[in-house]
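As structure tokens, the structure follows; a few thoughts come after it.
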Ligand code: ATR
């Protein structure tokens with residue numbers, strides 16, 4: 003990588019941000035396309051998001067990603083919000099121009115591309131169960147409804163957090179149901195579901211379990227975990243044992259990043275290069 007006085011800078015704001023694999027993915031893409039761009043990670047305290055955005059603009063950065071805990075906070079700090087990001091209620095990609103900042107959400111479209119790629123599945127006409135109603139769960143649930151899912155069910159530990167998702171999905175043609183995140187409640191609906199998505203953080207830590215047993219899954223189901231580290235959560239192990247098709251969140255990470263890359267650079271993202279860089283950064287996989 004060659005950095006000089008005319009290198010274009012993009013990056014990610016997060017807290018924490020040290021474990022992000024996005025710099026590896028984007029810098030590999032810039033290098034492959036011979037672009038004089040660099041992607042950096044910045045630890046930004048959520049209390050100072052607005053100031054940091056102003057600073058980025060003054061310093062000539064042209065784009066940013068946002069990760070936890072900034073995705074929702076950013077809605078109040080930007081000049082324009084893309085309609086989809088507004089519906090989803092979160093921004094993960096920002097374009098910085100001289101006179102304005104614009105917020106987008108590429109998580110939802112990244113998720114749809116991921117299930118297409120991993121399962122050859124389109125959510126159109128399908129019944130989807132989303133576990134979790136935080137930033138990721140909301141984005142996935144709303145995007146599935148916008149893309150024509152027949153039914154979206156959201157299960158969450160804190161029921162009140164499902165309300166804004168219910169309101170948003172009420173404006174679509176999808177049927178909606180909310181549930182507590184409990185095995186007995188989930189057991190009552192899971193048989194009718196085509197796609198189960200874990201968008202909670204349960205599974206990140208060794209020994210984490212949502213308490214869902216293999217009897218709840220069947221070979222006709224697809225189970226997607228947005229977690230990619232570890233590569234196989236307990237949920238995926240159980241679902242796979244029951245014969246369900248399973249995939250982890252690496253593909254969503256890749257496709258949300260590729261979409262952000264295309265928004266900033268207006269060039270087609272080199273997917274194979276980006277995937278290889280992610281696998282190397284996350285799993286130490288050099289293949
Ligand atoms: P993200 O942006 O990754 O979605 P988030 O907004 O903090 O992160 O959301 C985390 C999700 O994981 C939420 O659905 C959260 O449930 P609550 O809304 O009840 O907090 C869920 N979650 C986190 N820890 C959990 C746990 N131990 N058991 C069940 N759900 C959990």
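In our numbering, the protein residues as written are 3 to 289. By construction, the Cβ of each residue, glycine as well, lies at the ideal position given by its N, Cα and C atoms. In this text the structure is predicted, and so the values were computed from the model without any measurement.
- Excluding sequence positions up to five before and after residue 142, its CB lies within less than 7 Å of the CB of 110, 113, 132, 199 and 201, all in the same chain and listed in chain order.
- The closest heavy atom of the ligand ATR lies less than 7 Å from the beta carbon of residue 139.
- In chain order, 146, 149 and 151 place their CB closer than 6 Å to the CB of residue 125, counting only its own chain and leaving out the 5 sequence neighbours on each side.
- Counting of Cβ neighbours within 10 angstroms places residue 5 among the exposed residues, the total staying below 16.
- For a cut-off of 8 Å, the C-beta gap from residue 236 to residue 203 is around 13 Å, too long to register as a contact.
- Here residue 230 carries a coil assignment [DSSP, helix/strand/coil].
- Residue nearest to residue 25 within the set 280, 261, 196 and 173 is 280 (criterion: CA-CA distance).
- Leaving aside the five residues that flank residue 274 on each side, none in its chain has a CB nearer than 6 Å to its CB.
- Under DSSP, the beta-bridge partners assigned to residue 250 are 227.
- Taking C-beta atoms as the reference points, residue 153 and residue 177 count as a pair closer than 8 Å.
- The segment 3 to 22 makes contact with the segment 30 to 41; the number of CB pairs closer than 8 Å reaches 3 or more.
- For residue 11, the enclosing beta strand (DSSP E) has its first and last residue at 10 to 16.
- Relative to the Cα of residue 287, the nearest Cα in the group 254, 271, 258 and 233 belongs to 233.
- Apart from sequence neighbours up to five positions away, no residue of its chain approaches residue 118 with a beta-carbon distance below 6 Å.
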